[in-house]
Structures are given as structure tokens and as C-alpha cells.
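Okay, so here's the structure we're looking at.
In our numbering, the protein residues as written are 76 to 514.
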């Protein structure tokens with residue numbers, strides 16, 4: 076009896092050599108589909124790159140069955156995932172990230188049927204992936220895929236997906252010294268060539284991103300997508316009025332609010348200078364650079380090589396490492412060795428926390444600060460209110476003050492709900508004649 080196929084999945088293959096000792100294939104991640112092995116990341120060994128390649132392979136090769144009213148115990152999870160990637164994920168803001176998460180899900184659930192999913196399999200998945208925010212997000216994607224498949228009528232029912240508990244919200248924010256260290260590292264970063272630093276500055280676009288993020292508290296995607304003038308499909312900065320329109324015209328409002336905001340005068344001065352300052356071109360003599368004649372912020376606020384930055388994560392991580400704001404862990408490799416991996420708790424989103432924290436520490440009005448940051452007053456007070464100098468000030472004054480006397484003046488009306496008997500006892504009456512006058 077033939078085995079049931081496990082479907083396309085990622086496997087690690089060690090280095091392979093021929094009988095004469097020459098290299099046949101390097102070690103790395105491969106897509107295994109039956110007896111076929113396809114390189115997923117070349118010789119880099121990058122798991123994230125391999126996940127994206129697996130998702131692309133599934134979309135290109137796999138054609139799911141779209142039969143109506145099927146039994147969930149006979150439908151592979153890969154069917155639901157493939158339909159979701161084709162119908163829904165392509166409309167997401169970051170479809171490649173959705174595909175990468177789905178690849179991780181398929182690598183675990185790929186050979187299972189929809190009806191085989193239960194609480195135990197979800198708990199096992201969470202434990203295998205650290206029970207963190209990443210595992211929860213991946214299982215949320217699986218739940219969305221199964222629910223979409225059910226709503227389309229391709230399956231009669233779907234099992235509930237048990238999610239790991241939400242992790243505690245991050246409260247990491249930067250001190251003034253840490254922010255200065257990041258700016259300094261980004262501004263001084265240079266490209267290395269043959270072990271020596273060259274004249275090419277590779278981190279100054281990150282320095283500009285840091286300035287905008289610190290002064291506005293805006294999410295990284297909105298900053299990287301902000302144009303220097305009104306542009307279709309993008310937010311933009313009005314350099315004349317000093318207004319940052321974080322959301323593109325016509326784009327629907329989401330839970331990640333992006334209302335317009337007024338820019339600080341100091342940041343507006345930087346933006347105007349970037350829009351008028353030519354790039355430093357080292358290849359001007361050869362006349363071969365496509366960036367000759369372009370400004371620092373020619374079309375977008377943050378540009379790299381004349382194009383808008385799609386994601387700042389990788390370059391920002393290099394800046395954080397150069398600034399020394401992290402630590403190193405030794406991880407085991409599949410070959411049996413070890414390698415040092417840089418870890419940090421500073422991400423591009425930390426600037427939003429930092430801006431909110433600094434506003435509260437300076438005693439800013441919560442209503443004005445919430446409108447500036449693009450969040451509700453409730454969220455601002457609940458998350459960052461303890462940084463405000465007036466935090467619980469009334470309670471502190473009350474707890475240390477002397478108790479007030481209970482003897483109220485005669486002209487003060489007590490508001491207690493007295494009974495009729497109590498009212499008669501406390502009602503004013505003529506005082507009795509003093510006995511000493513009668514003596």
C-alpha cells in the first residue's frame with residue numbers, strides 16, 4: 076500500500092559530495108514535494124526566505140479542489156490555505172508576509188485534513204513555535220483561511236482554532252541618550268569593501284527615518300510610504316503648511332488610525348532641506364548613476380537609491396547593532412556548530428512608544444497628544460498615562476493630607492438620606508430655658 080503524500084514542505088539537507096570529493100550541493104533548505112527536491116534559499120540558509128519560496132511554490136503549482144459541501148475530514152488544509160492565498164491574501168497590505176506565515180503553517184499542518192485539527196494540535200503548534208506572538212499570528216491566519224473556505228461553501232464545517240494567550244504589550248521606549256546613539260550610528264554607517272570601510276554612506280536614510288519617527292510617533296509603514304508631494308496611493312507631506320497626511324487619499328480607515336497631523340517646525344525645516352539638497356553622487360564623473368540630479372527626498376520622504384523604502388527593518392537592525400543596543404546569543408546550526416546571533420528589543424515601532432512616552436513625561440494634554448499620535452485618549456491614558464507628571468496627583472495629595480473635621484458649619488445642609496425619625500431629631504428646636512436663670 077502506497078504512503079499518503081505529505082505535500083510540499085521544507086526540509087534541511089546537509090552538504091552532499093560526489094565520490095571524487097567534489098561538491099554536489101551545498102547545505103540549505105529545500106522544498107520537498109514527493110521525490111523532488113528544489114532549493115528554497117540557495118546556500119544562504121535563511122529560513123524566512125525559504126518560507127516565502129515555499130508559499131510561492133504552492134501558489135504556482137497547487138490547484139485546490141473547489142467542490143461544494145465537502146466533508147472536512149477529507150479536505151486537506153492545503154486546499155483552504157491555497158484558496159485563501161489566491162482569493163484574499165493578494166489584497167492584503169503585505170501579501171508576501173501573509174504568504175510567509177502561511178508557509179510556516181503548511182510546513183506543520185500540510186499533511187493533515189481540516190477535520191484533524193483540534194485543541195491538541197493547536198497547542199502542539201504553539202509549543203513548537205515558542206507560544207509567542209508569531210505563533211498566535213500564524214494560527215490566526217489559519218483560522219481566517221478555514222473560515223473563508225467555509226463561507227465559500229467548499230466545506231460543511233470548520234474546527235475552532237485554539238490560539239496561544241496574548242503576550243504582554245511592549246512598553247519599551249528610548250531614552251534621549253539611546254535615540255542619540257541610534258542617530259549617530261545611522262549617520263556614520265559606511266559600506267565595507269574588502270574588509271575596509273568605503274566612502275559610501277549606507278545608513279543615512281535610516282537616520283532620516285528615525286528623525287521623522289521620533290518627531291511624529293508615526294508607524295514605519297506610513298513614514299516609508301509618505302511622498303514629498305500629493306501622490307496617488309500614498310500619504311504625503313505638505314511642506315508649505317507643515318501637515319503630514321499619513322493616510323492616502325481614498326484609502327479606507329482601519330483600526331490603525333492615521334489621521335493628519337501638524338509637524339513640528341524643526342522637522343519641517345529638515346524636510347524642506349531634504350527636498351532641495353542634491354544627493355552625494357560618487358559616480359558623477361562616469362555619468363552612469365541614475366540618481367544624478369535627484370534630491371535627498373526627491374519623491375518620498377525616505378528614499379534609498381532613488382526609490383521609496385519598502386521596509387526599514389533590515390537596515391534599522393544593522394543600525395541598532397552598530398549602536399550597541401542589544402546582545403548576542405549562540406545558536407546551534409544544523410551542521411552541529413554554533414553561530415552568534417544579534418538580539419534586540421528595539422524595533423522600528425519603538426519610536427511610537429517613545430513619542431507617546433515623551434509627550435506624557437513633558438505633561439502634554441492627553442486629548443492633544445492622542446490626536447497628534449493618532450490614537451484614542453483611552454489607549455493613551457491606559458498605556459502611557461503613568462508617565463505623566465500629574466499621574467494620580469490628586470490621590471497622592473489626598474492620602475497624605477490631614478483628615479477634615481466632621482463639625483460642619485450651621486449653614487451647610489447635610490445630603491444624607493435621613494428617615495423621618497432622624498429628621499425630627501435633627502430638626503432645629505428652641506433651646507430649653509437654662510435652669511440657672513430660674514434659681
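All C-beta atoms in this analysis are idealised placements derived from N, C-alpha and C, irrespective of residue type, glycine included.
With contacts defined by Cβ atoms closer than 8 Å, residue 349 and residue 336 do not form a contacting pair.
For residue 279, the enclosing alpha helix (DSSP H) starts and ends at 279-291.
In this structure, DSSP gives residue 441 a helical state, which the three-state scheme calls helix.
Closest in alpha carbon position to residue 388, among 161, 425, 236, 405, is 425. Secondary structure remark: continuous alpha helix (DSSP H) runs of at least 4 residues inside the segment 122-187, in chain order: 122-136, 152-162, 170-184. Between residue 153 and residue 181 a beta carbon distance of about 6 Å is seen, short of the 8 Å cut, so the two are scored as contacting. Around the CB of residue 417, fewer than 16 other CB atoms lie within 10 Å, so the residue is classed as exposed. Of the candidates 150, 414, 300, 300 places its Cα closest to the Cα of residue 169. At the C-beta level, residue 129 and residue 178 come within 8 Å of one another. With contact defined as three or more Cβ pairs closer than 8 Å, the segment 255-275 and the segment 404-417 are not in contact.
Residue range 425-436 is occupied by the alpha helix (DSSP H) that includes residue 436, with no beta strand (DSSP E) assigned at that position.
Around the beta-carbon of residue 466, fewer than 16 other beta-carbon atoms lie within 10 Å, marking it exposed. Pairing residue 394 with residue 355, the inter-Cα distance amounts to about 20 Å. Among the bridge pairs identified by DSSP, residue 378 is matched with 383. With distances taken between CA atoms, residue 295 lies nearest to 386 out of 386, 279, 381, 234. Contact check for residue 258 against residue 282 passes: the beta carbons are separated by less than 8 Å. Annotated as proximal: residue 338 and residue 317, with beta-carbon spacing under 8 Å. In the DSSP assignment, residue 201 falls within the alpha helix (DSSP H) that extends over 194-203. Burial check for residue 436: the Cβ neighbour count within 10 Å stays below 16, so the residue is exposed. Residues 231 of the same chain have their beta carbon placed closer than 6 Å to that of residue 144, with the five preceding and five following residues left out of the count.
Taking 3 residues as the minimum length, the beta strand (DSSP E) runs contained wholly in the segment 288-327 are 311-313, 318-320, in order along the chain. Spanning the alpha carbons of residue 280 and residue 449 requires a straight line of approximately 24 Å.
The beta carbons of residue 223 and residue 162 sit closer together than 8 Å. Under the three-state reduction of DSSP output, residue 112 falls in the strand class. Within the model, the alpha-carbon separation for residue 254 versus residue 321 is close to 23 Å. Of the candidates 159, 126, 127, 183, 159 places its Cα closest to the Cα of residue 229. According to the DSSP secondary-structure assignment, residue 336 is paired through a beta bridge with 319.
Just measuring C-alpha positions, the residue of 329, 391, 237, 347 sitting nearest residue 312 is 347. Taking C-alpha positions only, residue 150 is separated from residue 84 by approximately 18 Å. In the DSSP assignment, residue 351 is bridged to no other residue. Taking the Cβ atoms as the reference, residue 298 lies roughly 6 Å from residue 377, within the contact range of under 8 Å. By the beta-carbon neighbour count (other beta carbons within 10 angstroms, threshold 16), residue 141 is exposed. Here residue 213 carries a helix assignment [DSSP, helix/strand/coil]. At a Cβ-Cβ threshold of 8 Å, residue 190 and residue 235 do not count as neighbours.
A distance below 6 Å between beta-carbons, with the five flanking residues on each side excluded, links residue 309 to the following residues of its chain, in chain order: 300, 302, 323.
Under DSSP, the beta-bridge partners assigned to residue 402 are 418.
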